[in-house]
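Here is the structure we will look at, set down as structure tokens.
Numbering (the UniProt record's numbering), first residue to last: 1 to 286.
Next up, the structure:
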């Protein structure tokens, strides 16, 4: 299957998921008419969405998965979802990190992908509460040491906050909060469990929500990393409103209607990967 066909499938499934969440359920025959595809194509799309755990198939259609707002999947479970989208988002976000800047990198699998894209940017100071992200920088520096010089010129200075470890390998709680409160960042890159107009940025972990609030308050610029499946999802605790966000980096699977809603509320929307080309979409462009 060609890349264009893959992209069309991803966009189609994003539209289906948006309909399921907005309407509380969809029927196969409705989707075939709306999307102008075959019954078999719609059923394959619903199978794919069901495997991702975002819809539940029922007779003749699908409904949203009734996931508890406090449920927090582990890092490995989340890392297996939307891999290509996360890599596209990471590459686009890395272009927003200036040489010599002080950045904050919050936890999550998309932030982990971003860490891998940041290792070649010189002279960064990176403060993170992600054990996985810190390991990325540590491994890169250790590999460089083993192959030659004791320290790579311009290698990042990495500070791990400390704190209590969550299922997503993120450090939270009073220790992390105190460290973050005392610092000031040029830019914060932060992943989310969910993002919506009503709830803003949210997470199922109460302690993580508090730590994220401190990250947001300590940054001059807040950049959210969220693939299209996060739109419309709401976790137990909101930690920032959309008007506190300076930019959203997402993937081309985000439906046009959602793009329009976001572009009306945020100064910058970056759509990464095939179909987006990392393009900035200014407010009111839709």
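All C-beta atoms in this analysis are idealised placements derived from N, C-alpha and C, irrespective of residue type, glycine included.
Residue nearest to residue i in terms of C-alpha spacing, selected from the options
i: residue 160; options: 106, 190, 45, 202; result: 106
i: residue 210; options: 121, 129, 98; result: 129
i: residue 183; options: 198, 103, 194, 168; result: 103
i: residue 141; options: 115, 9, 63, 229; result: 115
i: residue 242; options: 257, 214, 194; result: 194
i: residue 124; options: 157, 245, 139, 131; result: 157
i: residue 22; options: 9, 55, 42, 41; result: 55
i: residue 36; options: 60, 8, 47, 59; result: 8
i: residue 45; options: 155, 59, 16, 212; result: 16
CB contact flag (residue i, residue j, <8 Å)
i: residue 343; j: residue 232; result: With the chain covering 1 to 286 only, the question about residue 343 has no answer from this structure.
i: residue 92; j: residue 222; result: no
i: residue 52; j: residue 252; result: no
i: residue 219; j: residue 188; result: yes
i: residue 14; j: residue 255; result: yes
i: residue 20; j: residue 64; result: yes
i: residue 228; j: residue 85; result: yes
i: residue 119; j: residue 136; result: yes
i: residue 94; j: residue 117; result: yes
i: residue 62; j: residue 25; result: yes
i: residue 245; j: residue 185; result: no
Cβ shell of residue i (< 8 Å), same chain only, five flanking positions each side left out
i: residue 191; result: 106, 107, 108, 109, 110, 111, 224, 225, 226
i: residue 206; result: 236, 237
i: residue 257; result: 18
Cutoff 6 Å; reference residue i; Cβ partners in own chain excluding five residues on either side
i: residue 240; result: 200, 201, 216
i: residue 348; result: Residue 348 falls outside the range modelled here, since the chain spans only 1 to 286, and no answer is possible.
i: residue 181; result: 214
i: residue 132; result: 112, 169
Residues near residue i in its chain [Cβ-Cβ closer than 7 Å; skip 5 each side]
i: residue 208; result: 166, 170, 172
i: residue 88; result: 251, 272, 273
i: residue 261; result: 197
i: residue 60; result: 27, 28
Strand pairing of residue i, partner residues [DSSP]
i: residue 94; result: According to DSSP, which records beta bridges pairwise, residue 94 is partnered with nothing at all.
i: residue 64; result: 55
i: residue 166; result: DSSP output for residue 166 lists no bridge partner at all.
i: residue 251; result: 272
i: residue 17; result: Answer by DSSP bridge pairing: none, since residue 17 is not bridged.
i: residue 102; result: 125
i: residue 225; result: 191, 249
### Inside the stretch 181 to 216 only - alpha helix (DSSP H) runs reaching at least 4 residues
none
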